[in-house]
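Position one of the sequence shown corresponds to residue 17 (our numbering), numbered consecutively onward.
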Amino acid sequence: MARQPRLCALALTWELGPPPELVGQFAPEAWSVYARLLSSGRHAWTSSMGRLFDGVAGLLNLVDENSYEGEAALRLETLAWRYAHQHGLSSEEDMPALTPLGLWEVPTLIRQVLLDAAAGRPAEAIAFRFHLNLVRRIAQQARHLGLRRLGFSGGVFQNALLIDLLYTHLGADHALFFHQALPPNDENIALGQLAWQAYGLTAAMDVSTNQSQNHVFSYSG
């Protein structure tokens with residue numbers, strides 16, 4: 017997990033321009049170190065949705081340092097629920113278009129958080145809008161790819177608000193699948209690897225025993 021959500025926030029906003037409120041969370045010496053690191057480009061990259069939640073929590077200054085796994089994300093969800101309880105789960109806001117390849121870009125989500133904060137929107141409204149924008153991006157991509165059956169995995173899908181929003185905005189037209197018997201977070205990575213290995217072995221055996229096949233299924237263990 018990310019110990020300090022502000023580091024995720026800094027990485028996410030570096031190219032957009034970190035807001036003064038975030039810069040003020042760093043001592044001058046620490047800022048100098050991180051600024052040099054990010055400017056050099058010689059730093060670790062991640063595709064983790066958890067780090068995205070950490071970063072937004074850091075931008076809203078919800079927690080200085082995580083004391084347990086998922087603390088920043090949980091606080092962000094709790095804040096968003098305050099808005100949802102008052103205003104509901106629907107919204108008519110327009111969303112930016114996907115890229116020509118049918119992708120959505122994280123900087124667009126983060127830019128919206130920065131704009132909302134600069135405009136003085138309440139933190140609970142910003143937190144809710146972030147959750148909603150994630151779900152609407154998923155809906156956009158599903159439509160772009162023509163998908164009707166969607167499976168969701170990863171620790172972020174322990175977030176009850178995210179799941180409720182998915183059902184609200186996609187449930188009528190899509191079959192949604194979530195973990196039931198096993199949790200969705202990292203301990204199931206190994207299970208998925210074993211399942212894929214088993215699938216690969218089965219497929220390879222089918223190819224080797226079926227002489228009419230004219231291709232070879234290969235996999236790396």
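Beta carbons are placed, not taken as given, at the ideal position from N, Cα and C, and that holds for glycine.
Using a C-beta cut-off of 8 Å, the region 130-144 makes no contact with the region 40-51, since fewer than three inter-stretch Cβ pairs fall below that distance. Residue Leu130 holds the alpha-carbon nearest to the alpha-carbon of Phe146 among Gln196, Phe193, Ser83, Leu130. Straight through space, the alpha carbons of Ala100 and Phe144 are spaced by roughly 7 Å.
Residues Leu181, Leu182, His185 of the same chain have their beta carbon placed closer than 6 Å to that of Val151, with the five preceding and five following residues left out of the count. Cβ-Cβ distances below 6 Å link Leu53 to His59 in the same chain, with the five nearest sequence neighbours on each side left out; the list follows chain order.
Annotation: the continuous beta strand (DSSP E) that includes Ala191 extends over 191-193. With fewer than 16 other beta carbons inside 10 angstroms of its own, Phe193 counts as exposed. Looking at the DSSP output, Gly167 sits in a beta bridge with Phe193.
Here the C-alpha atom of Arg22 lies approximately 32 Å from the C-alpha atom of Ala158.
For the pair of segments examined, the region 192-208 was found to touch the region 155-171: the number of CB pairs separated by less than 8 Å reaches three. Of the candidates Cys24, Leu28, Ala214, Ala133, the residue whose Cα lies closest to the Cα of Val79 is Cys24. For the options Pro34, Tyr215, Ala214, the alpha carbon positioned closest to that of Pro123 is the one of Pro34. With 16 or more other CB atoms across the displayed protein chains lying within 10 angstroms of its CB, Arg67 is buried. About 11 Å separates the beta carbon of Ala96 from that of Phe69, a gap too long to meet the 8 Å contact definition. Around the Cβ of Ala27, a 10 Å sphere holds 16 or more other Cβ atoms; the residue is buried. Between Gly171 and Asp202, the gap from beta carbon to beta carbon is short of 8 Å. Around the beta carbon of Gly74, 16 or more other beta carbons sit within 10 angstroms, so the residue counts as buried.
In terms of CA proximity to Phe173, Leu198 leads the group Asp189, Leu198, His160, Leu161.
With contacts defined as CB atoms closer than 8 Å, Asn149 and Leu125 qualify as a contacting pair. Judged by DSSP in its simplified three-state form, Ser48 adopts helix.
DSSP places Thr124 within a helical segment (H, G or I) once states are collapsed to three. Taking every protein chain shown into account, the CB of Arg19 has fewer than 16 other CB atoms within 10 angstroms, so this residue is exposed.
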